[in-house]
Amino acid sequence: MDRYTKAVLTVIAVALVVIAARPFLTESGWPELLSLATAQAQLPAGIREATIPRAWGKYVGYQSGNLLFEGPDRSLRIVDLDGKPPEYPKMKWVIKFE
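In my numbering, each residue's number is its place in the sequence shown (first place is 1) plus 1122.
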């Protein structure tokens, strides 16, 4: 059991050294064996995309799934993001100050 534990810990230690030294190894011309592709999120396209028209105003904030915009006439516009395209995003409120 002692040999097995030492072997596993040695493999882990070597892997950690390779991970830590990887940024320096790319400049030194090591073979492509140690270079791995960068991990990227694998979400289906369009699952969390929303296109907001610029005419709705300047972005001010976000809260509870809603965006807050300030219109050119100083009105506040609350835009709901929860839903499916094409009916969402939709404007829920336009608050005008007098």
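Even for Gly, the Cβ is constructed at its ideal location relative to N, Cα and C.
All values derive from a computational prediction rather than experimental measurement.
So, helix, strand or coil for residue i, using DSSP?
i	result
R1144	helix
K1128	helix
R1196	coil
I1217	strand
L1138	helix
Return yes when the Cβ of residue j is within less than 8 Å of the Cβ of residue i, no when it is not.
i	j	result
F1219	R1196	yes
E1192	G1179	yes
Pick from the options: whose alpha carbon is nearest that of residue i?
i	options	result
P1208	I1174, V1133 and R1144	I1174
At the level of alpha carbons, what is the spacing between residue i and residue j?
i	j	result
V1130	V1139	14 Å
P1194	A1177	8 Å
T1132	I1141	14 Å
K1214	Q1164	31 Å
A1137	A1143	10 Å
Y1181	P1145	38 Å
Suppose the cutoff is 6 Å on Cβ atoms and the five residues either side in sequence are ignored; what does the same chain contact list for residue i look like?
i	result
S1186	none
V1216	S1197 and R1199
Who are the Cβ neighbours of residue i in its own chain at under 7 Å, not counting the five residues just before and after it?
i	result
M1123	none
Can you list, in chain order, the residues of its chain whose CB lies under 8 Å from that of residue i, leaving out five sequence neighbours each side?
i	result
Y1184	L1190
L1203	A1172, G1187, N1188, L1189, Y1210 and P1211
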